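In this note's numbering, the protein residues as written are 79 to 533.
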């Protein structure tokens, strides 16, 4: 099954709407809850953690459901469409402040809607990424294909970071509640439209499997066996968790760092814009450097580049805290590694699924892919909680001049801890990951041979 460029584009654009939806949550939901709705920060932090605990059960179960789906449209596309529609509707309610609602009723309303948002996002995110391995069979096609949805996703985060605040102000005309509400409606429309393009124009291997023959269903026992028996899945979990912790932690503390340590809010968009463009550029070059370098070499660059960028930013903060060139270069190094990691882990996900099929005798794309969704959401919640606790420990006081110890604590949160975590990601990868070279080619050959026998 040869993928056309149009099919690759149609699949990739699905990530644009999906990540626009996730980006508005990641960037603005906390400040929307605290400053626009009026919920207390402590309650919001605890709500995020509770929701992620529920996701620990909810996400793998969704993977279980998708893997047991048998329709003439395949097992992924129906859920992508359902998830996009449901999640878009809930997103609109999440950014809708009911008139006159206060007190316990307001806290209950937003708690329920937020948890429902997380559950419904799982409905689309897991089948979307699970679909990728079923679209490509060769290493070359997989390397080139994997970066396309990541580029669209990075574009979504770039657009949200660059324009969302202005759009909220423009749409709301001074009323942030209305601004967020209208922005959410616009994102919901884009989300559904881009998902429809993916569903209509992309067909994976499961679409060609006959639905009238008896096929074995995945049981919960089988799912547990897949999770515990796939040693490469454990490596993938460690690497992806570390990556997301680095990005979420550095990204979350950055606004505080530039305001209080560097001394200028205007430096923040310079850092983030340079960073996001670097991430997109890295995704473009990932397939090219993957041809000339081993996976371990690529991942070494992906891991140590953010370490150099973040450490450089913190060190330069002692002698040139407002040097625009240094800040931009550090941002480029930070997110260049992020882009390479996104490309590498997307390929890893597909390889881990194929490895599991050969080793354990069952494919289970969605059960394995569910961990990616769970890890992203978990890292987001943990990072937000860690930033809140960290700022409290170092004595942060909002809108005030910070003490020397508080500023030093912000430097540690911005540069030291994320640097340690990204180096840890490389150690986990180097020590545990083995799906490359001749061994990977053998795995792919075995999978493709088995598929031909089934036809």
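Every residue, glycine too, gets a C-beta built ideally from N, C-alpha and C. Predicted model, so just to flag it, every value in this text is computed and none were measured.
Review point. Is residue 380 buried or exposed, if buried means 16 or more other CB atoms sit within 10 Å of its CB?
Key: Taking the first residue of the chain shown as 1, we reach residue 380 at position 302. When all chains shown are included, residue 380 counts as buried.
Review point. Exposed or buried, residue 517, counting other C-beta atoms within 10 Å across all chains shown (16 or more means buried)?
Key: Here residue 517 refers to the residue found at position 439 when the chain shown is read from its first residue. Exposed, because fewer than 16 other Cβ atoms sit within 10 Å of the Cβ of residue 517.
**Study point:** Close beta carbons around residue 548, own chain, < 8 Å, minus the five adjacent residues each side
**Key:** Past the boundaries of the shown model lies residue 548; the chain is included only from 79 to 533, so the question cannot be answered.
Point to revise | Environment of residue 113 [buried if 16+ CB atoms lie within 10 Å] | key: Start at 1 with the first residue of the chain shown, and residue 113 comes out as number 35. Classification of residue 113: exposed, given that the 10 Å Cβ count is below 16.
**Study point:** residue 478 - DSSP class collapsed to helix/strand/coil
**Key:** Here the question's residue 478 lines up with position 400 in the chain shown. In the structure shown, residue 478 falls within a coil segment according to DSSP collapsed to helix, strand and coil.
**Study point:** For residue 174 and residue 256, the rounded distance between their alpha carbons
**Key:** For the purposes of this step, residue 256 is taken as residue 178 along the chain shown, with counting starting at 1. For the purposes of this step, residue 174 is taken as residue 96 along the chain shown, with counting starting at 1. One Cα belongs to residue 256, the other to residue 174, and the distance between them is close to 8 Å.
Point to revise | Same chain, Cβ closer than 6 Å to residue 500, neighbours up to 5 away in sequence not counted | key: Translated into the one-based positions of the chain shown, residue 500 becomes position 422. Excluding residues within five positions, the ones whose Cβ falls inside 6 Å are 324, 381, 384, 385.
Check your understanding: Between the segment 156–167 and the segment 190–208, do three or more beta carbon pairs fall short of 8 Å?
Key -> The segment 156–167 makes contact with the segment 190–208; the number of CB pairs closer than 8 Å reaches 3 or more.
**Study point:** Reference residue 410; option with closest CA among 390, 427, 398
**Key:** What you label residue 410 is simply residue 332 of the chain shown in a count that begins at 1. Nearest Cα to residue 410 within the set 390, 427, 398: 390.
Exercise for review: Identify, in the order they occur along the chain, each residue of the same chain with its Cβ nearer than 6 Å to the Cβ of residue 227, setting aside the five sequence neighbours on each side.
Suggested key: Here residue 227 corresponds to residue number 149 of the chain shown, with the count starting at 1. Exclusion of the five residues before and after residue 227 leaves 90, 93 as the residues of its chain whose Cβ lies within less than 6 Å of its Cβ.
Exercise for review: Pull up the distance between the alpha-carbon of residue 376 and that of residue 357, whole angstroms please.
Suggested key: As a first step, residue 376 is located in the chain shown; it is residue number 298 there, counting from the start. As a first step, residue 357 is located in the chain shown; it is residue number 279 there, counting from the start. Computed Cα separation, rounded: 14 Å.
Point to revise | Any 3 or more C-beta pairs closer than 8 Å across the segment 96–112 and the segment 236–249 | key: By the Cβ criterion, the segment 96–112 is in contact with the segment 236–249, since at least three pairs of Cβ atoms, one from each stretch, lie closer than 8 Å.
Practice item. Compute the beta-carbon to beta-carbon distance between residue 311 and residue 432, rounded to the nearest angstrom, for a pair I have assumed lies under 8 Å. Key: For the purposes of this step, residue 311 is identified with residue 233 of the chain shown, where counting begins at 1. For the purposes of this step, residue 432 is identified with residue 354 of the chain shown, where counting begins at 1. Contact doesn't hold; Cβ gap of about 12 Å is too wide.
Review point. Just the Cα atoms here: how many angstroms apart are residue 270 and residue 163?
Key: On the chain shown, position 192 is the one that residue 270 refers to. On the chain shown, position 85 is the one that residue 163 refers to. One C-alpha to the other measures close to 6 Å.
Practice item. Could you tell me which uninterrupted alpha helix (DSSP H) segments, each at least 4 residues in length, are contained entirely in the segment 181–242, listed from first to last along the chain? Key: Secondary structure remark: continuous alpha helix (DSSP H) runs of at least 4 residues inside the segment 181–242, in chain order: 181–209.
Practice item. Please classify residue 293: is it buried, with 16 or more other beta-carbons within 10 angstroms of its beta-carbon, or exposed? Key: As a position in the chain shown, residue 293 is number 215, starting the count at 1. For residue 293, the pLDDT reaches just 48, beneath the cut-off of 50, and the residue's location in the model is therefore unreliable, although a value from the coordinates is still provided. Residue environment analysis places residue 293 among the exposed positions, since fewer than 16 neighbouring C-beta atoms fall within 10 angstroms of its C-beta.
Exercise for review: Compare the Cα-Cα distances from residue 309 to each of 482, 493, 430, 187 and report the closest residue.
Suggested key: Along the chain shown, one-based indexing puts residue 309 at 231. Of the listed residues, the one whose Cα sits closest to residue 309 is 430.
Exercise for review: Assuming residue 232 and residue 361 form a contact by the criterion Cβ under 8 Å, report the distance between their Cβ atoms to the nearest whole angstrom.
Suggested key: The residue you call residue 232 lines up with position 154 of the chain shown. The residue you call residue 361 lines up with position 283 of the chain shown. Beta-carbon to beta-carbon, residue 232 and residue 361 are separated by about 6 Å, close enough to satisfy the 8 Å threshold.
Practice item. Determine the extent of the alpha helix (DSSP H) in which residue 375 is found, giving its start and end residues. Key: As a position in the chain shown, residue 375 is number 297, starting the count at 1. Start and end: 373–397.
**Study point:** residue 435 and residue 339 closer than 7 Å at C-beta
**Key:** Looking up residue 435 in the chain shown gives position 357. Looking up residue 339 in the chain shown gives position 261. In this structure, residue 339 does not lie closer than 7 Å to residue 435 by Cβ.
Review point. So, using beta-carbon positions, are residue 313 and residue 192 closer together than 7 Å?
Key: Along the chain shown, read from residue 1 onward, the residue named residue 313 stands at position 235. Along the chain shown, read from residue 1 onward, the residue named residue 192 stands at position 114. No, Cβ-Cβ distance for residue 313 and residue 192 is not below 7 Å.
Practice item. Using alpha carbons as the reference points, say which of 86, 440, 109 lies closest to residue 330. Key: By one-based count along the chain shown, residue 330 stands at place 252. Here the closest residue by C-alpha is 109.
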